[in-house]
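Under our numbering, think of the first position of the sequence shown as 6, with each following residue one higher.
Presented below is the structure to which this report refers.
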Amino acid sequence: MIVGVPKEIKNHEYRVGLTPAAVQEFTNNGHAVLVQVNAGTSIGFTDDLYLAAGATMIETPEEIFATADMIVKVKEPQPNECKMLREGQTLYTYLHLAPDPVQTQLLVESGATCIAYETVTDNRGTLPLLAPMSEVAGRMSIQAGAHYLEKANGGSGTLLGGVPGVAPGKVLIIGGGVVGLNAAKMAMGLGADVTILDRSLNRLRELDDIFEGRLTTVFSTSDAIDYYSSRADLVVGAVLVPGAAAPKLLTREHIKNMKPGSVLVDVAIDQGGCFETSKATTHQDPVYIIDDVVHYCVANMPGGVARTSTMALNNATLPFGLALANKGPKQAMLDDPHLLNGLNVHKGIVTYKAVVDALGDSL
Ligand code: NAD
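What follows is the structure in structure tokens.
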């Protein structure tokens, strides 16, 4: 199979569909890989590294889309990329079609077979190609929070770890899933005083076991949010209600009762955010202040650490990508129902129910 890796063109997107190490895996399996010149240069994956892995470097995306049997990307295809896709070609990338009728229509018109990373499943009922980005965002949330707690960055001037003789900062994490667990690991590593709220008692039990009682687990109620947020230096929003917009758990009233200079990091902003005052921000302009509380609501946090994110994403996407190339997309999906769950559009038909439910009339 000929596998094509165009350079990402979405604004400030530095990740790349395949690392040189992943390219090597494809070429070792007898596939040809076409990589666009400079696709990974800005994150240290130079053209020389791709050449050494057996790739052919191609100047233009047009040539890659015209030649490749499978296009491997990170972000959803932009309109001009959608128009280069064709029937018989496979697209393997994040798509997020439910809120995006324009992209969905363009993919339908292309006739291509479009597999969305975010809907591929695994035996545990989780989403293995989303988890690495949640791990990245969870770990980054504490890094970002610690930065904005510094006085010069708008915060209260609190060091999360404290020092001998001075109590550590208090971190409240709302939602103890993948993001919450990884945020807790980082916060505990810094020596902060950490509390996690979740609605799932089983999850709270797991977290208590993982951290051997060194953090506080509390069942998530409005009362608990009120109590712990008013004492927190940093609050991380990490809830997910599958298939629904994030619930607004931290209200404007809660935020008014928070300490001046405390920091909110709303990781759930990509689902609308779980704080009432959240609105999406960018890496270029990540924060704003309401009621003396710093809000960090970057919708694509992993893009900020594009090198780590690319490698983490490739670790998860590679086995499925190799199956698609080795067996051909049809056989690979027939053999693996979890990969089949990734199929969102095929030969002009939307094949993923949640997308049909969300967009039905607009298609
Ligand atoms: P997850 O499913 O692993 O965990 C979500 C947790 O929220 C679950 O443990 C669930 O029990 C808990 N929860 C649900 N309702 C709750 C409530 N009322 N109170 C407390 N906890 C509640 O999800 P995840 O992978 O950790 O993702 C969390 C959020 O982060 C999602 O919205 C995801 O889209 C988002 N995310 C954002 C970025 C970004 O760049 N901003 C990156 C990755 C993930």
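Beta carbons are placed, not taken as given, at the ideal position from N, Cα and C, and that holds for glycine.
By a beta-carbon distance limit of 8 Å, P133 contacts V125. Their separation comes to about 6 Å. When the beta-carbon positions are compared, A311 and I147 stay at least 8 Å from each other.
The region 282 to 299 makes contact with the region 152 to 163: 3 or more CB pairs, one atom from each, lie closer than 8 Å. For A60 and G150, the gap between their C-alpha atoms comes out near 40 Å.
Taking a cut-off of 8 Å on C-beta distances, the region 164 to 181 does not touch the region 341 to 348, as fewer than three cross pairs fall below it. Residue range P25 to N33 is occupied by the alpha helix (DSSP H) that includes Q29.
The Cβ atoms of A103 and V360 lie closer than 8 Å to each other. Linking A73 to I7 through their CA atoms gives a straight-line distance of about 5 Å. Put simply, the backbone Cα of Y55 is about 5 Å away from that of P25.
Below 8 Å, too few C-beta pairs join the region 239 to 246 and the region 206 to 214 to call them touching: fewer than three. Of the residues F224, I260, V113 and Q94, the one whose Cα lies closest to the Cα of P84 is V113. F31 and D214 have their C-alpha atoms some 40 Å from each other.
DSSP places C302 in no alpha helix (DSSP H); its state is neither H nor E. Remark: the shortest separation between the CB of R144 and any heavy atom of the ligand NAD does not fall under 7 Å.
E140 is not a Cβ neighbour of V79, given a cutoff of 8 Å.
The C-beta distance from V77 to G326 rounds to 6 Å, short enough to fall under 8 Å.
For the region 21 to 89, the continuous alpha helix (DSSP H) assignments of 4+ residues that do not extend past its boundaries occur at 25 to 33, 52 to 57, 66 to 72 and 84 to 87, in sequence order. Around the CB of H36, 16 or more other CB atoms lie within 10 Å, so the residue is classed as buried. Assigned with DSSP and collapsed to three states, F224 falls in strand.
With contacts defined as CB atoms closer than 8 Å, A189 and I179 fail to qualify as a contacting pair. Going by DSSP, V292 is part of the beta strand (DSSP E) stretching over V292 to I295. Between L269 and Y301, the C-beta spacing is below 8 Å.
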